[in-house]
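Residue numbers (the numbering used here): 22 to 616. What follows is a set of notes on a single structure, which appears directly below.
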Amino acid sequence: MEDKAKRNIKRAAHDPNGVIVYDNFNFKNRIRELAGGRQDQFVNLTTACLIACPELNGPLKQASLDRTQRFTREMVVQYLLPRRATVDKASKWLMEHALLKVFAKQDEKPPKMPVVKRVAYKTSPILQLGAIFEDEGTIAGVFNLHEELWKRRLKFEEYDERLTLVYGDLKTTSFIRRIQQLQLEASELWERKEWMVPIPAFFHVELNYIEMLFRMIWDTGDRGISSATISADVQFFQRGKHITKKDVKYHQVLPLLMHGYTARLLALVMQPLVDRDMLPGELNVDTVQQAMEDIDRDLLRQFLTSVWETVFSFQGWTGRYEGLDGDVDVEFRSHCRLMQCVEILLIFHEAVRHGDYGLIKDIIPILPLLFWGGKSSNYGPEMLYFAWLLHPNVSHDETVRNAILKGGLVRCTTAGSMYKAIDITLEHINATYALDIKNNKNSTHDIRATFSRLALNGNYLATIRRSVERVFGCHGKGTHTAGDPTTDIISYACKLYKDGMPKRATVPGTSANVYDAPDIYERGQKVLLAKLSDFNDVIPYPKDAADQRLIPGGIDLAGGTEENEIDWGDEGERLFDVNEDDLWKASLDDLGMDL
22 MEDKAKRNIK RAAHDPNGVI VYDNFNFKNR IRELAGGRQD QFVNLTTACL IACPELNGPL
82 KQASLDRTQR FTREMVVQYL LPRRATVDKA SKWLMEHALL KVFAKQDEKP PKMPVVKRVA
142 YKTSPILQLG AIFEDEGTIA GVFNLHEELW KRRLKFEEYD ERLTLVYGDL KTTSFIRRIQ
202 QLQLEASELW ERKEWMVPIP AFFHVELNYI EMLFRMIWDT GDRGISSATI SADVQFFQRG
262 KHITKKDVKY HQVLPLLMHG YTARLLALVM QPLVDRDMLP GELNVDTVQQ AMEDIDRDLL
322 RQFLTSVWET VFSFQGWTGR YEGLDGDVDV EFRSHCRLMQ CVEILLIFHE AVRHGDYGLI
382 KDIIPILPLL FWGGKSSNYG PEMLYFAWLL HPNVSHDETV RNAILKGGLV RCTTAGSMYK
442 AIDITLEHIN ATYALDIKNN KNSTHDIRAT FSRLALNGNY LATIRRSVER VFGCHGKGTH
502 TAGDPTTDII SYACKLYKDG MPKRATVPGT SANVYDAPDI YERGQKVLLA KLSDFNDVIP
562 YPKDAADQRL IPGGIDLAGG TEENEIDWGD EGERLFDVNE DDLWKASLDD LGMDL
């Protein structure tokens, strides 16, 4: 069975619709020696998958990419700064979806998410490529990894014209880019790696966005307490045991942010309900739930439209409303900024689940500003690279731009038959390896058995398991069983309403002790424009490779490094070094730009 799997891999390697994803898998391995007794060894290896995307429309060509295109300031103004109308439509849908997910009537169909451009394939064939005992965390290890994966296992030979999409986290993509820059003048096509395009995978984008939110809006930064922070949500929902500022677990944090978003939205809707006497009696969980279930859906949409214009518009972000003079209500503005930041995450998450690559394409240009403004010196340039890669000046062919996004989506067979990110697919596969090591490892079933047998035979074993379950098992939804958060969401909304949170849009005022959420959009614009030259020194290829224009890692014959050259001493840490102080040095006026 193992030999058959290896033959299938070599046949599938030349599928024009195939993409590659790989990631490191590091663990402590305890072995027993006759002389030394039990010893612990730290094992570094890499797991990989070959995944077919039926709508990739391959083979993709290298000629469709212009990697010499620099990211100009004109591209920043016209491409990164404007917010797309599709994102606004998704924002309005998300509001109604969040409330009806909690208060839907019996047999009431939820609102359908607006469609931009979606994939429609029903399956995503996956071949596990086994473990590669090379450390992806070093440049030398990545060189050996590529040799083992493409030359020996896949027997891949199409290096002259074809373009291969490779997905992964920041370490994966940054190391590939560094190798490409180091090998610009290599004589062999294989060595130049121009046939390979590193692409940031969606799950790690979500995860790092969450970490950015926790870094920027976790608390007030002092002893003060504000309900416009994530820590306030953690405290009210009593989830501090599993969620802290430095311990961000994706499966714990994403529901928290969803529930906090819904509670604030409900508090804002409660205000017009009270004004119209549609919430009689005492304000509690039962009365609010009954009122939300009885409200006419057209009237609810009117309320949500008013809320969107107040909270999710540019006026909500700045706190300055047309026709409303006086000081800015800082506390209410902080709630607006928190909800707008969380909204981007939730829309991105739903776009991945629905396979809407068109909506993802419209969200990607927003992310560089948010990551830069959120002091993310790793994923700020990473998302700028992603946006650069999707720009028509770089990817001339729309088929390639769409393929880059489609290839990052994998069709699930469970959880409502939706889609998921390609890198979380590999994370789930790695979890099966971890369970096998934990439960079955012994003196005969060692790690070699796990990664040479289980990894290669995973598809066959899944088919056998599915057949057995079909005969002897019972049907299950495939979704996670979670507690009903309705009571907690309504209780939090009632607290926010009683604290005066929704009223502050029409009653401006200031206080010396209120929490002011950072304006990460403005910060992001300043830092992005200031660091644009660094990006252009590292990412785009030189027009003529022979001029050796600031090749990262290149040797300076005069000794030392140039003033604007990137120092790659700490390999894999980040694309280029940014200190927190740099975030405040430049302004748009200093840069001579009027945005």
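Where a beta carbon is used, it is the ideal one built from N, C-alpha and C, also for glycine. Just so you know, these numbers come straight off a predicted model, no measurement behind them.
Spatial distance of residue i from residue j (CA atoms)
i	j	result
residue 457	residue 555	45 Å
residue 33	residue 44	20 Å
residue 228	residue 391	14 Å
residue 94	residue 504	49 Å
residue 285	residue 542	22 Å
residue 220	residue 234	23 Å
residue 510	residue 202	51 Å
residue 133	residue 108	15 Å
residue 208	residue 214	11 Å
residue 243	residue 338	23 Å
residue 149	residue 160	23 Å
residue 240	residue 253	8 Å
residue 405	residue 344	37 Å
residue 323	residue 455	50 Å
residue 471	residue 153	12 Å
residue 166	residue 40	16 Å
residue 82	residue 411	15 Å
residue 66	residue 158	9 Å
residue 261	residue 237	18 Å
residue 424	residue 71	15 Å
residue 256	residue 263	11 Å
residue 281	residue 490	38 Å
residue 96	residue 400	19 Å
residue 327	residue 178	58 Å
residue 64	residue 468	10 Å
residue 512	residue 306	6 Å
residue 115	residue 334	15 Å
residue 612	residue 341	Bear in mind that the predicted position of residue 612 carries a pLDDT of just 40, short of 50, making it too unreliable to give a figure here.
residue 552	residue 319	47 Å
residue 303	residue 267	39 Å
Proximal residues to residue i (C-beta, below 7 Å), its chain only, five neighbours per side dropped
i	result
residue 432	142, 143, 144, 145, 440
residue 217	185, 187, 197
residue 249	352, 355, 356, 359, 536, 538
residue 409	92, 415, 560
residue 386	100, 101, 408
residue 274	231, 264
residue 564	89
DSSP beta-bridge partners of residue i
i	result
residue 189	221
residue 43	69
residue 86	416
residue 460	Residue 460 is not bridged to any residue.
residue 62	50
residue 194	Looking at the DSSP assignment, residue 194 forms no beta bridge with any residue, so it has no partner.
residue 184	81
residue 377	139
Beta-carbon proximity list for residue i, same chain, < 8 Å, skipping 5 on both sides
i	result
residue 448	44, 224
residue 301	308
residue 85	184, 416, 417, 418, 420, 421
residue 584	Residue placement at residue 584 is flagged as unreliable, the pLDDT there being 37, under the threshold of 50; a coordinate-derived value is accordingly withheld.
residue 131	118, 121, 122, 125
residue 524	292
residue 204	212, 213, 214
residue 49	61, 62, 63, 64
residue 549	97, 101, 389, 390, 393, 401, 405
residue 5	Because the chain is modelled from 22 through 616, residue 5 falls outside the range shown and cannot be assessed.
Cβ shell of residue i (< 6 Å), same chain only, five flanking positions each side left out
i	result
residue 37	79, 80
residue 226	none
residue 180	210, 211, 216
residue 232	269
residue 313	124
residue 618	With the chain covering 22 to 616 only, the question about residue 618 has no answer from this structure.
residue 329	113
Proximity test, residue i beta-carbon vs the ligand GDP heavy atom, cut-off 7 Å
i	result
residue 494	Annotation note on the ligand GDP: not contained in the displayed structure, which lists no ligands.
Quiz prompt | Three CB pairs or more closer than 8 Å across the region 363-377 and the region 114-125 | solution = yes
Self-check item: Within the region 87-165, ranges of the beta strand (DSSP E) (whole runs, at least 3 residues)
Solution: 147-153
Practice problem: Determine contact between the region 380-396 and the region 97-108, defined as no fewer than three beta-carbon pairs at a distance below 8 Å. | Solution: yes
Quiz item: If you pair each beta-carbon of the region 271-290 with each one of the region 515-523, do three or more pairs fall below 8 Å?
Solution: yes
Quiz item: Which parts of the region 422-452 are runs of the beta strand (DSSP E), unbroken and 3 residues or longer, counting only runs that do not cross its ends?
Solution: 430-432, 440-442
Practice problem: Please go through the region 204-292 and give each complete beta strand (DSSP E) segment of 3 or more residues, from N-terminal end onward. | Solution: 217-221
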